[in-house]
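First the structure, in the form of structure tokens, and then the observations on it.
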Amino acid sequence: MLQIALWKRVLIWSVCALGLLLALPNGFYPRVEAHNDASASIEAGFSGNGLEEQAAMWPSFLPSSLVNLGLDLRGGAHLLAEVQVEDVYETRITSLWPEVRNLLREQRATVGTIRLQPSDPTELRVKISQPDAIQDAVAAVRTLAQPVVSLTGAGATDLVVSADDDMVVVTLSDAEKLATDERTVQQSLEIIRRRIDEVGTREPTIQRQGADRILIQVPGIGSASELKDIIGTTAQLTFNPVVGRATDPEAPAGAGNEVVPSLDEEGVYYILESAHVVSGEELVDAQPSFDQNGRPAVSFRFNPSGARKFGDYTADNIGSPFAIVLDSEVISAPVIQSHIAGGSGIITGNFSVEESTNLAVLLRAGALPAGLEFLEERTIGPELGQDSIEAGRIACLVAFAAVLVFMFLSYGTFGLFANVALIINVGLIFGLLSLVGATLTLPGIAGIVLTIGMAVDANVLVFERIREELKTKKGVARAIDLGYEKALSAIIDANITTFITAVILFAMGSGPVRGFAITLGAGIMTSVFTAIFVTRLMVVIWYERRRPKTLEV
Amino acid sequence: MRLRLVPKETSWDFFGKTKISIGFSSLMIIASIAFFFIQGLNFGIDFRGGTTIRTESAQTVVVGDYRAAIDPLGLGDVTITEVFDPTFEDNQNVTMIRIQAQEGQESVTADVVRNVELALKEVAPDITFVSVESVGPKVSGELIQTAVIAVVLAIAAVLVYIWLRFEWQFAVGAVAALVHDVILTIGIFSVLQIRFDLAIIAALLTIVGYSLNDTVVVFDRVRENLRRYKKKDLKDVLNLSINETLSRTVMTSVTTLLALLALFVLGGDVIRGFVFAMIWGVIVGTYSSVFVASTALLKLGVKRDWSKPDNTAGNQFANVDA
Chain F
1 MLQIALWKRV LIWSVCALGL LLALPNGFYP RVEAHNDASA SIEAGFSGNG
51 LEEQAAMWPS FLPSSLVNLG LDLRGGAHLL AEVQVEDVYE TRITSLWPEV
101 RNLLREQRAT VGTIRLQPSD PTELRVKISQ PDAIQDAVAA VRTLAQPVVS
151 LTGAGATDLV VSADDDMVVV TLSDAEKLAT DERTVQQSLE IIRRRIDEVG
201 TREPTIQRQG ADRILIQVPG IGSASELKDI IGTTAQLTFN PVVGRATDPE
251 APAGAGNEVV PSLDEEGVYY ILESAHVVSG EELVDAQPSF DQNGRPAVSF
301 RFNPSGARKF GDYTADNIGS PFAIVLDSEV ISAPVIQSHI AGGSGIITGN
351 FSVEESTNLA VLLRAGALPA GLEFLEERTI GPELGQDSIE AGRIACLVAF
401 AAVLVFMFLS YGTFGLFANV ALIINVGLIF GLLSLVGATL TLPGIAGIVL
451 TIGMAVDANV LVFERIREEL KTKKGVARAI DLGYEKALSA IIDANITTFI
501 TAVILFAMGS GPVRGFAITL GAGIMTSVFT AIFVTRLMVV IWYERRRPKT
551 LEV
Chain A
1 MRLRLVPKET SWDFFGKTKI SIGFSSLMII ASIAFFFIQG LNFGIDFRGG
51 TTIRTESAQT VVVGDYRAAI DPLGLGDVTI TEVFDPTFED NQNVTMIRIQ
101 AQEGQESVTA DVVRNVELAL KEVAPDITFV SVESVGPKVS GELIQTAVIA
151 VVLAIAAVLV YIWLRFEWQF AVGAVAALVH DVILTIGIFS VLQIRFDLAI
201 IAALLTIVGY SLNDTVVVFD RVRENLRRYK KKDLKDVLNL SINETLSRTV
251 MTSVTTLLAL LALFVLGGDV IRGFVFAMIW GVIVGTYSSV FVASTALLKL
301 GVKRDWSKPD NTAGNQFANV DA
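Here it is as structure tokens:
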């Protein structure tokens, strides 16, 4: 009958209290946010500047997790980038050439002279002068192949070496391509994260999406193009030997060489050896600085192996020029004056201070292994977000008031119970969202408003059922009891079906839509909880006190 | 004294004029499909690629001037619409500029946006771009695909759930109502040419959820009454069930509509299309759970005689009373 055990009552009220407590910080959003930022800074070892005061603005014994505001509410930039994984195949293949050359030169007696043939950038073609020995050459090159390190590629090697008439053809195997793709995307993700962290914005979202895409959301940044300046450049730094200069991009370069334009001198091109001496990967540090003439420059330092390679090369090539190449453009091509030992140096060019700082950041964070193509970019101004929040808040309050009044007019005392439950319900939604660290988006606010409207449904089902049971003159207690009992299956079935659609939305949707799915799902859970337990508890308590002989619902 | 939207006792006959309701629904569905194919949908950039720029300026907007400023840039198809909203302040003049996806590039380059900004500064020096969104054709194609899959998947999942909890006739009835609601919603978007973007898909799925909610409540009562009145005609059982749940159906629809109307009027223009879809969905969903789902159930018939074992209808879940 109408009895609820004490432990259940305590549990129900505790859940409500806990939910409301978790929701509490959201009522004081700016203050709690300042507190959280300040605490994070203090933890990171900073102090002073009023940080302690800011941290004290919110008592530390209270929960301080907030609902994250989505980009559409806070403003910021959103980018969806596709990693050009094929770029890496090219680099891999090009860098194979010196090794292949050295290997085949050792076998000159059998294979004769060798020559690199122009080919598709994803394969390496080497012509040998003794076609009869082609199988020997292939076998020799094959020794360069390494086993692929990946789960699916077990047993496979990374290179496919085949013979084509008098040419040895080297390509990457499919298993290796898969493994490379995976590595490339992981690396890109890591480097993008480092670059954004260097700039120091708050709560960026950097996520992998699908096989080769990366989603980047940075709240508070001015525009997507600013964000692209930070992450859009690959910042691939290499030091290449210079073969000659040219005035035209179509100049004949010869096999194994390439024509690269100068960064700041129009119409000047350099012919460089494609295989580099050292690359930016071997940098350990890069800092903005100034050269002896006081112009902005970037100073850098190599790691030991890079320093050794650079030292050896400069010792052997005093008097000849080498090029500093950034993303396929020659920044400068100084002549080597002396053996540069110690592995540090300085890059000069026509930089502005800002450019040299940016370049230093990019070099420090490391080069992106491959280029990025941007498939989607969105910039939302902070004012628009603020307007949306404001409009959403007002709409929520009005919706709330309208439903409360309407419920009271329709069900009287029971309507009041439902109203209290509805208020608790909205609190619980925010508590739940804060707890899981969900992101509130504009459609998410719509989801909450929709939930306000639909949350009363479970209560309406019960109240209508109680009305029906009262008609059969069973007595008040029995009618209430039966009302809850019989309405239950409808409540459960109706909410599970809605919940299914919320789950599908969450799984298939992205961004704002996902935000909507989360609030809808959270709303379904809390509204079922409040209707089945909270309102019922209130009705039972009311009944125990009043013991009414008749009841009008 | 209580506010009652529905009289205390109703015994309205919902199936007396099935011809009219079936005819009406069929007509609406045909009209929706016709509009969809003739006029199409006003797809947002999410689904067809391109760029939208939301501008704000204190000066009154003359769309023609904006157009004259942008046209020389040669960006192809550009639509400029002024946005009005009661939540705007007096000197807040907002426009939406949509630029088609540019040939040979995925998302729009910063140069294009800068050129547009420079061109518009000639017309309105204080203009600011409140938001710039750009979607490449590659992603938009995939977004359409995912959206369609999401809707189909949602309907299929629900079909299975109701089939497990009730019987297959109920599932078919519920899904008939769902498909009806989704088609009519797409239809109204085609008729009114409201921008159809990713958020509308979310709205569609919510409509699916809401419409179901309603249908399931009616069906739950049908299931109960079928057990109680074993000898009663199916039509009478359905009628009785709808009448018994009518008061709840109307109550819930009204509270939901109240909340949605508040959002429609006060929630700002950014989500107005989204809210409109849901309002429409609630109205259509309420209608369909009474007239489409139940009529379909009536036409399909339900197995009433449980004395003989029958392995085609019902299963271990069918009689679970949660």
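First to last, the sequence lines map onto chains F and A. Per UniProt numbering, the very first residue in the first sequence carries number 1; after that it's consecutive. Per UniProt numbering, the very first residue in the second sequence carries number 1; after that it's consecutive. Every residue gets a Cβ at the ideal spot worked out from N, C-alpha and C, and that includes glycine.
In this structure, Ala255/F and Gln117/F form a Cβ contact; the two beta carbons are roughly 7 Å apart against a cut-off of 8 Å. Look at the region 459–489 of chain F: the residues with a C-beta under 7 Å from a C-beta of chain A are Val460, Leu461, Glu464, Glu468, Leu488, Ser489. In the DSSP assignment, Gln145/A falls within the unbroken alpha helix (DSSP H) covering 137–165. Around Asp493/F, the beta-carbon contacts reaching into chain A at under 7 Å are Arg165, Val216, Asp220. The residue from Ala315/F, Leu103/F, Gly415/F with its alpha-carbon nearest to that of Gln337/F is Ala315/F.
Under the three-state reduction of DSSP, Ser119/F is assigned to coil, being neither helix nor strand. In terms of CA proximity to Thr498/F, Leu450/F leads the group Arg478/F, Ile480/F, Leu450/F, Thr472/F. For the options Thr81/A, Ala58/A, Val62/A, the alpha carbon positioned closest to that of Glu89/A is the one of Ala58/A. By the C-beta density criterion, Val67/F is buried, having at least 16 other C-beta atoms within 10 angstroms. Proximity of Lys138/A to chain F, defined by a Cβ-Cβ separation below 7 Å, is satisfied. Annotated as proximal: Val462/F and Ala487/F, with beta-carbon spacing under 7 Å.
Taken in chain order, the whole alpha helix (DSSP H) runs of length 4 or more contained in the region 36–112 of chain A are 45–48, 63–70.
Using a CB distance cut-off of 7 Å, Pro219/F does not count as an interface residue toward chain A.
Annotation: the continuous alpha helix (DSSP H) that includes Pro443/F extends over 442–471. In terms of beta-carbon proximity, Val208/A lines the interface with chain F, with at least one pair separated by less than 7 Å. Linking Leu375/F to Gly515/F through their CA atoms gives a straight-line distance of about 21 Å. Shown here, His180/A sits in a helix according to DSSP, grouped into three states. For Tyr161/A, the closest Cβ of chain F is nearer than 7 Å.
At a C-beta separation below 9 Å, Leu368/F has no neighbours in chain A, since its nearest C-beta there lies roughly 17 Å away.
Note: Lys309/F is not bridge-paired with any residue in the DSSP secondary-structure output.
Distance from the Cα of Gln145/A is smallest, within the candidate group Gly509/F, Val540/F, Met525/F, for Gly509/F. Of the other Cβ atoms in all chains shown, 16 or more fall within 10 Å of the Cβ of Val170/F; this residue is therefore buried. Contact between the region 370–390 of chain F and the region 128–140 of chain A is present: 3 or more CB-CB pairs across the two stretches fall below 8 Å. Beta-bridge annotation (DSSP): Ile12/F is not paired with any residue. Taking a C-beta cut-off of 8 Å against chain A, the contacting residues of the region 223–250 of chain F are Ser223, Ala224, Ser225, Lys228, listed in chain order. In this structure, the straight-line span from the alpha carbon of Thr295/A to that of Gly49/A is close to 42 Å.
Non-local C-beta neighbours of Phe533/F in its own chain, meaning closer than 6 Å and more than five positions away in sequence, comprise Ile12, ordered along the chain. In this structure Asn459/F touches Ala531/F by the C-beta definition: roughly 5 Å separates them, less than 8 Å.
Proximity of the region 159–169 of chain A to the region 396–413 of chain F falls short of the contact definition, fewer than three beta-carbon pairs being nearer than 8 Å.
Using a Cβ-Cβ cut-off of 7 Å, Ile271/A is close to Leu442, Pro443, Ala446 of chain F, given in chain order. Using a CB distance cut-off of 7 Å, Leu124/F does not count as an interface residue toward chain A.
Rounded to whole angstroms, the gap between the alpha carbons of Ser289/F and Phe300/F is 10 Å.
For Arg48/A, the nearest beta carbon of chain F is not closer than 7 Å to its own beta carbon. In this structure, DSSP gives Ala286/F an extended state, which the three-state scheme calls strand. Closest by C-alpha distance to Thr439/F, out of Trp542/F, Glu354/F, Gln217/F, Ile346/F, is Gln217/F. Between Val61/A and Thr95/A the beta-carbon gap is near 5 Å, inside 8 Å, which marks them as a contact.
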